[in-house]
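Numbering (my numbering), first residue to last: 69 to 200.
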């Protein structure tokens, strides 16, 4: 019984590690992936669905369903200009000047075994989509 429990525990650990495997994209790879990409992302802090396109000049125009704030008129959507870049450290950086709050972050982009992209960590809440 003890050996079965140890075996099951070991398999769970190995399975969990395999599910978390990912490759961090290099600065050069980000330079190929990001310009012109359409981005879809859900904010961890607000749960808002946000969308933008990475223009080649480093600008973006983001839209959001604005789940955190909404509005008195019942219109929840929001849109704002922003910028994107790739840092010297090879991180994807985004700054957006929302009406009620500024957003600015940099994150490593990881590509999981499933082909999906993630910000800093392979977990559902960190998923980010890039399409053409």
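Here a beta-carbon is modelled for each residue, glycine too, at the ideal position from N, C-alpha and C.
Exposure label - residue i; buried when at least 16 CB within 10 Å
i           : result
residue 148 : buried
residue 189 : exposed
residue 173 : exposed
residue 112 : exposed
residue 193 : exposed
residue 159 : buried
residue 201 : Because the chain here runs from 69 to 200, residue 201 falls outside it and cannot be looked at.
DSSP beta-bridge partners of residue i
i           : result
residue 195 : 186
residue 180 : 90
residue 106 : 121, 199
residue 96  : In the DSSP output, where bridge partners are listed per residue, residue 96 has none listed.
residue 116 : Beta-bridge pairing links residue 116 to no other residue.
residue 169 : Note: residue 169 sits in no beta bridge, so no partner.
Contact set for residue i: own chain, Cβ-Cβ below 8 angstroms, skip 5 residues either direction
i           : result
residue 198 : 101, 102, 105, 106, 107, 185
residue 200 : 104, 105, 106
residue 91  : 178, 179
residue 170 : 163, 164
Residue from the options whose Cα sits closest to the Cα of residue i
i           : options            : result
residue 136 : 121, 130, 146, 165 : 146
residue 117 : 93, 133, 162       : 133
Problem set entry | Completely contained beta strand (DSSP E) runs for the region 124–159, where each covers 3 or more residues | As far as the region 124–159 is concerned, its whole beta strand (DSSP E) runs of at least 3 residues are 127–132, 146–154.
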